[in-house]
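Protein chains in written order, with the working numbering: chain A, 2 to 130; chain B, -12 to 396.
Glycine included, each C-beta is placed from N, C-alpha and C at the ideal position.
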């Protein structure tokens, strides 16, 4: 498939894109995470697209997944309204506070902290400690 | 004439059954069902109200020399429990793939047993996740005490690969008979309450003369409302049912779908911290939020965690898309193309959440997080950083152009 974006044309292998997107969507809706950190590498590395076309488009693709899985989770009775109302304002508030802090911290440091944190969480889930 | 005499006992039996079960369902607080009324145990409880959990002291008298069990359940609130049976059948080796689900599991259910049975419970605890509710019930001799969940309505769905693909639970199978229902309900009790400590506790001090005392500790976070308690010796000998109430007050709120009460301040603060960190590290908060919630609030079912965290990112995603679309910085063709595949995936995923157990959920999520950590570690390597710097510069340049173009319009 050919995609035009700001005067440039890209060839996109939709088979790889769709299979990868589908698998990521199943996992992310099953476990309730966003999927962005997997979608961006998929589109930049596997589909060889430049970052500037990926940022917006991957968000759009994930949005489809999130909305449908929200509806499905609701149908299966997995959605708890009160619990949601406790978390939702905090998520929005966090979205406003974060950019203020972002200017002051190095993204590299944040990423490294995240790597350590994620590994610890993963080991906790796997029951290592 | 002959025919009539044949039918008569059956009709009477049916009537007795109907009548009997009706009266039992209608009013459980009435004294022990027919049987040896004189030997029925008596109980008294020291208070009729607790506040977000607490200790209830029970004293009573039962026939001497027999073990006594206390059955305690939440009467006001029911929760969902489900279990996907894919274990090979013992005789045929075939996997049944049947999905059991009920909406009538009491939000709290626990059987308290005499203190000298602690060994039996500890023995079963050694099995870890593989403990069996029905076996433990039998080993403890508490079979007779198990009454309330045995009567819940359980739906069975015949799952299949095809049904899972279209995101359905599969066709509904016919209802089970009473005995089957009882057996399956025990598996659902385990699926719902998970750990032995949540459903059994050796707390009853039994004297040789049959008098007993027990201090029942009800944990924090259990459902509010009416609780019932009955002492049981065997099937025929049950005490009358006593009632007490669990009260909770804001900000502790009962989450109906999760079947647990929670102080809402904690999820709020947690989400705030995780959301900020998530934006900084460039990954959605869901990755951190889900495992943290599971670790910090073990009472929350993983299905509810996944199902409730998912929509919290909808808004930030939506506003992100809106901002990009304002400057025409989205390739709708590419986004919708891959989005279509992701839409299908999002349709199937939530179905799978309820088919796996918490242990499987944690295992898979653990590996996903490890992969994510590896991905992020790769993103901090010098090679990646150098190429990323170029990419970011191009990204900025294009974004600037896009913004300028949007302004001109």
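Exercise for review: Mind checking who residue 6 of chain A pairs with in its DSSP beta bridge?
Suggested key: For the purposes of this step, residue 6 of chain A is identified with residue 5 of the first chain, where counting begins at 1. BP columns for residue 6 of chain A point to A:9.
Check your understanding: Taking the C-alpha atoms as reference points, what is the distance between residue 66 of chain B and residue 95 of chain B?
Key -> Walking along the second chain from the start, residue 66 of chain B turns up at place 79. Walking along the second chain from the start, residue 95 of chain B turns up at place 108. Residue 66 of chain B and residue 95 of chain B: Cα-Cα distance of roughly 9 Å.
Practice item. Below 9 Å between beta carbons is the criterion; list the residues of the stretch 335 to 349 of chain B that meet it against any residue of chain A, in chain order. Key: From the stretch 335 to 349 of chain B, only 335, 336, 337, 338, 339, 340, 341, 343, 346, 348 and 349 have a Cβ closer than 9 Å to chain A.
Exercise for review: Give me whichever residues DSSP pairs with residue 16 of chain A in a beta bridge.
Suggested key: Within the first chain, numbered from 1, the residue matching residue 16 of chain A stands at position 15. DSSP lists no beta-bridge partner residue for residue 16 of chain A.
Practice item. Work out the CA separation of residue 47 of chain A and residue 389 of chain B for me, nearest whole Å. Key: Here residue 389 of chain B corresponds to residue number 402 of the second chain, with the count starting at 1. Here residue 47 of chain A corresponds to residue number 46 of the first chain, with the count starting at 1. Each residue's alpha carbon lies about 26 Å from the other.
**Study point:** Minimum C-alpha distance to residue 378 of chain B - residue among A:37, A:51, A:16 and A:14
**Key:** By 1-based counting over the second chain, the position of residue 378 of chain B is 391. Closest by alpha carbon: A:51.
Review point. Shorter than 7 Å from the beta carbon of residue 96 of chain A to some beta carbon of chain B?
Key: Looking up residue 96 of chain A in the first chain gives position 95. Yes, residue 96 of chain A counts as interfacial toward chain B.
Point to revise | At least three beta-carbon pairs within less than 8 Å, the stretch 100 to 108 of chain A to the stretch 263 to 274 of chain B | key: Remark: three or more beta-carbon pairs, one from each stretch, lie closer than 8 Å, so the stretch 100 to 108 of chain A and the stretch 263 to 274 of chain B are flagged as touching.
**Study point:** Sequence-distant residues of the same chain with beta carbon closer than 8 Å to residue 308 of chain B, five excluded per side
**Key:** Looking up residue 308 of chain B in the second chain gives position 321. Contacts found: 317.
Review point. Can you give the Cα-Cα distance for residue 13 of chain A and residue 300 of chain B, rounded to whole angstroms?
Key: For the purposes of this step, residue 13 of chain A is taken as residue 12 along the first chain, with counting starting at 1. For the purposes of this step, residue 300 of chain B is taken as residue 313 along the second chain, with counting starting at 1. C-alpha separation (whole angstroms): 28 Å.
Review point. How would you list, in chain order, the residues of chain A whose beta-carbon sits under 7 Å from the beta-carbon of residue 390 of chain B?
Key: Stepping through the second chain from its first residue, residue 390 of chain B is reached at position 403. By Cβ distance, chain A contributes nothing, its closest Cβ being about 12 Å from residue 390 of chain B, past 7 Å.
Check your understanding: At a Cβ cut of 9 Å, what residues of the stretch 96 to 119 of chain A count as close to chain B, listed as they run along the chain?
Key -> Result list: 96, 98, 99, 100, 102, 103, 106, 108, 109, 111, 112, 113, 114, 115, 116, 117, 118 and 119.
Review point. Among all the DSSP beta bridges, which residues are the ones paired with residue 234 of chain B?
Key: Along the second chain, one-based indexing puts residue 234 of chain B at 247. Beta-bridge pairing links residue 234 of chain B to B:38.
Exercise for review: List the residues of chain A whose Cβ lies closer than 8 Å to the Cβ of residue 254 of chain B, in chain order.
Suggested key: The residue given as residue 254 of chain B occupies position 267 in the second chain. Near residue 254 of chain B (Cβ distances below 8 Å), the residues of chain A are 84, 87, 88 and 91.
Check your understanding: Does residue 318 of chain B come within less than 7 Å of chain A when only Cβ atoms are used?
Key -> Looking up residue 318 of chain B in the second chain gives position 331. So yes, residue 318 of chain B belongs to the interface.
Check your understanding: Just by C-beta distance, which residues in the stretch 39 to 51 of chain A are closer than 7 Å to chain B?
Key -> Residues passing the 7 Å Cβ filter: 42 and 51.
Exercise for review: Could you have a look at residue 370 of chain B and say whether DSSP puts it in helix, strand or coil?
Suggested key: For the purposes of this step, residue 370 of chain B is taken as the residue at position 383 of the second chain. Residue 370 of chain B falls in the helix class under three-state DSSP.
Exercise for review: Pair every Cβ in the stretch 218 to 234 of chain B with every Cβ in the stretch 79 to 92 of chain B, then say whether three or more of these pairs are closer than 8 Å.
Suggested key: With a cut-off of 8 Å, the stretch 79 to 92 of chain B and the stretch 218 to 234 of chain B do not count as touching, because too few Cβ pairs lie within range.
Check your understanding: Would you say residue 71 of chain B reaches chain A, if we count a Cβ-Cβ gap shorter than 7 Å as a contact?
Key -> Taking the first residue of the second chain as position 1, residue 71 of chain B is located at position 84. Residue contact with chain A for residue 71 of chain B: absent (no Cβ-Cβ distance below 7 Å to any residue of chain A).
Practice item. Could you tell me how far apart the beta carbons of residue 86 of chain B and residue 57 of chain B are, in whole angstroms, since I believe they sit closer than 8 Å? Key: The count along the second chain starts at 1 and reaches residue 86 of chain B at position 99. The count along the second chain starts at 1 and reaches residue 57 of chain B at position 70. Wrong, their Cβ atoms sit about 33 Å apart, outside the cutoff.
Practice item. Note down, in chain order, each residue of its chain lying with its Cβ closer than 6 Å to the Cβ of residue 46 of chain B, except the 5 sequence neighbours on either side. Key: Mapped onto the second chain, residue 46 of chain B falls at position 59. Excluding its 5 nearest sequence neighbours in each direction, residue 46 of chain B has C-beta neighbours in its own chain below 6 Å: 31 and 200, listed in chain order.
Review point. Under the rule that 16 or more other beta-carbon atoms within 10 Å means buried, what is residue 16 of chain B, buried or exposed?
Key: Taking the first residue of the second chain as position 1, residue 16 of chain B is located at position 29. Bear in mind that the predicted position of residue 16 of chain B carries a pLDDT of just 42, short of 50, making it too unreliable to give a figure here.
Check your understanding: Should the stretch 242 to 257 of chain B be called in touch with the stretch 150 to 164 of chain B, which here means at least 3 C-beta pairs below 8 Å?
Key -> Touching, no, given that fewer than three Cβ pairs across the two stretches are closer than 8 Å.
Check your understanding: So with Cβ pairs under 7 Å, would you call residue 17 of chain A a contact of chain B?
Key -> Looking up residue 17 of chain A in the first chain gives position 16. It does not; no Cβ of chain B falls within 7 Å.
Check your understanding: Where does residue 136 of chain B land, buried or exposed, given buried means 16+ other C-beta within 10 angstroms?
Key -> Within the second chain, numbered from 1, the residue matching residue 136 of chain B stands at position 149. It is buried - the Cβ of residue 136 of chain B has at least 16 other Cβ atoms within 10 Å.
**Study point:** Against chain A: residues of the stretch 359 to 374 of chain B by CB proximity under 8 Å
**Key:** Here the close residues are 359, 360, 362, 363, 364, 366, 367 and 372.
Review point. Can you name, in chain order, every residue of its own chain whose Cβ lies under 7 Å from the Cβ of residue 36 of chain B, other than the five neighbours on each side?
Key: For the purposes of this step, residue 36 of chain B is taken as residue 49 along the second chain, with counting starting at 1. Cβ-Cβ distances below 7 Å link residue 36 of chain B to 231, 232 and 234 in the same chain, with the five nearest sequence neighbours on each side left out; the list follows chain order.
Check your understanding: Does the beta-carbon distance from residue 294 of chain B to residue 31 of chain A come in below 7 Å?
Key -> On the second chain, position 307 is the one that residue 294 of chain B refers to. On the first chain, position 30 is the one that residue 31 of chain A refers to. Their beta carbons are not under 7 Å apart, which means residue 294 of chain B does not touch residue 31 of chain A by this criterion.
**Study point:** C-beta neighbour in chain A for residue 165 of chain B, strict 7 Å
**Key:** For the purposes of this step, residue 165 of chain B is identified with residue 178 of the second chain, where counting begins at 1. So, not an interface residue.
Point to revise | Alpha carbon of residue 26 of chain A to alpha carbon of residue 194 of chain B, nearest angstrom | key: Walking along the first chain from the start, residue 26 of chain A turns up at place 25. Walking along the second chain from the start, residue 194 of chain B turns up at place 207. If you draw a straight line from the Cα of residue 26 of chain A to the Cα of residue 194 of chain B, it comes to about 60 Å.
Review point. Whose Cβ in chain A lies nearer than 7 Å to the Cβ of residue 145 of chain B?
Key: Counting from 1 along the second chain, the entry for residue 145 of chain B is found at position 158. Close partners of residue 145 of chain B in chain A (Cβ separation under 7 Å) are lacking, with about 17 Å as the shortest Cβ gap.
Review point. Roughly how many angstroms separate the alpha carbons of residue 279 of chain B and residue 112 of chain A, rounded to a whole number?
Key: For the purposes of this step, residue 279 of chain B is identified with residue 292 of the second chain, where counting begins at 1. For the purposes of this step, residue 112 of chain A is identified with residue 111 of the first chain, where counting begins at 1. Their Cα atoms are separated by approximately 18 Å.
Check your understanding: Of all the CB atoms in chain B, is at least one closer than 7 Å to the CB of residue 8 of chain A?
Key -> Reading the first chain from its first residue, position 7 is the one you call residue 8 of chain A. Closer than 7 Å: no.
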